[in-house]
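Notes follow once the structure below has been shown.
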Amino acid sequence: MMTKVALVTGGTRGIGKAAAIELARRGFAVAVTGRTRKEGEGKAEEGTGSASIALPGSLETTVQEIEAMGGRAIGVPMDILDRDSIDAAVDTVLETWGRIDGLFNNALAQSPYLMAPIDAVDATKAEQTMAGLMINHLHITQKVLQPMLSQGAGRIVFITSGAGTTLCERKLEEGGWGFLYAAGKAAFSKLAEFVDLEYRDRGIVSFHIQPGLTITETLTAKYGDAALNLGGGMPSYTPADTGRTVAWMMDSPDAVAFAGPKLYTAPTFFEDHGLAAPAIS
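Numbering (the numbering used here), first residue to last: 3 to 283.
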């Protein structure tokens with residue numbers, strides 16, 4: 003029986019890591035990408051001009067956890083801001099396993115300008131931020147579509163945010179979001195829509211999800227217990243809540259009925275649609 007191959011971008015921690023583990027549990031060979039190669043190297047900036055803070059998670063750790071449960075995985079260094087590294091990552095997966103059956107388009111360039119006011123962002127920073135939010139996601143999608151179309155089948159999960167699809171009614175200091183973040187997520191949502199429009203009849207199945215307020219390692223490192231209050235009373239979720247939905251969409255024949263441009267809230271997907279949720283091991 004052929005082993006299916008999944009490429010998960012941004013798989014060192016958070017939702018990407020959770021999805022990679024769930025895909026491995028379903029029997030996928032999983033390639034995870036990210037910038038942090040070894041534990042202890044992860045950093046994030048708290049804001050413009052702020053010092054960096056340490057983040058847990060790495061390619062090495064994600065691969066070790068998958069292998070410890072009997073799965074197959076490789077860690078592939080990749081920076082979503084660097085197209086050469088994107089090309090090299092896709093090539094590595096194809097050289098290793100000869101195919102790509104699923105892509106989880108998850109990587110996010112953690113820029114302090116995502117949540118900056120308009121007058122704090124110059125054109126160069128705006129271009130770089132938009133590359134990390136949409137343009138380079140288009141690039142990796144194009145790269146992965148080539149083998150998928152040759153295979154006659156493939157699945158792509160796009161993870162976006164309600165910031166790209168809903169009206170922002172609060173300023174940043176009141177709990178709103180930054181213009182660049184919203185603009186990038188809006189464009190990314192359109193990418194999900196057009197992949198479905200242009201390639202559904204050629205065997206490409208795409209999904210469009212949002213994670214809600216997810217308490218990731220990054221949020222915990224930045225805000226501690228206060229991360230739970232970031233949603234202003236909204237419910238919060240774990241990375242595994244979204245990870246199991248991503249893996250189900252990549253794998254289940256029943257998932258095809260939910261493919262297309264409609265935006266689903268991943269953590270509550272099964273409950274929202276009266277489906278039996280896969281267990282989180």
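Cβ coordinates follow ideal geometry from the N, Cα and C atoms, glycine included. Only a predicted model underlies this, so the values are computations on that prediction, with no experimental measurement involved.
Query                                                                                                                                                                               : Result
What beta strand (DSSP E) runs, 3 residues minimum, are completely inside the segment 21–55?                                                                                        : 31–36 and 44–47
In its own chain, which residues sit with a C-beta less than 6 Å from the C-beta of residue 78, not counting the 5 before and 5 after it?                                           : 33, 35, 91 and 94
Evaluate contact between the segment 16–25 and the segment 37–48, counting only Cβ atoms and requiring at least three cross-stretch pairs below 8 Å.                                : no
Just verifying my parser: in three-state terms, what is the DSSP assignment at residue 3?                                                                                           : coil
Select from 120, 29, 68 and 190 the residue whose C-alpha is nearest the C-alpha of residue 142.                                                                                    : 190
Looking at the secondary structure, which residues open and close the alpha helix (DSSP H) in which residue 242 lies?                                                               : 241–253
Suppose the cutoff is 6 Å on Cβ atoms and the five residues either side in sequence are ignored; what does the same chain contact list for residue 291 look like?                   : Residue 291 is absent from the model: the chain starts at 3 and stops at 283.
Would you call the CB atoms of residue 82 and residue 133 closer than 9 Å?                                                                                                          : yes
Give me, in chain order, the residues of the same chain whose beta-carbon lies closer than 7 Å to that of residue 150; leave out the 5 immediate sequence neighbours on both sides. : 102, 156 and 206
Using alpha carbons as the reference points, say which of 5, 181 and 164 lies closest to residue 98.                                                                                : 5
Could you compute how far the alpha carbon of residue 11 sits from the alpha carbon of residue 276?                                                                                 : 29 Å
Take the Cβ of residue 148 as the centre, count every other Cβ of all protein chains shown within 10 Å, and call the residue buried at 16 or more, exposed below.                   : exposed
Have a look at residue 182 and residue 245 and give me their C-alpha separation to the nearest angstrom.                                                                            : 26 Å
Please state whether the Cβ-Cβ distance between residue 9 and residue 105 is less than 9 Å.                                                                                         : yes
Quick check on the DSSP output: what are the complete alpha helix (DSSP H) runs of length 4 or more inside the segment 76–124, in order along the chain?                            : 85–99
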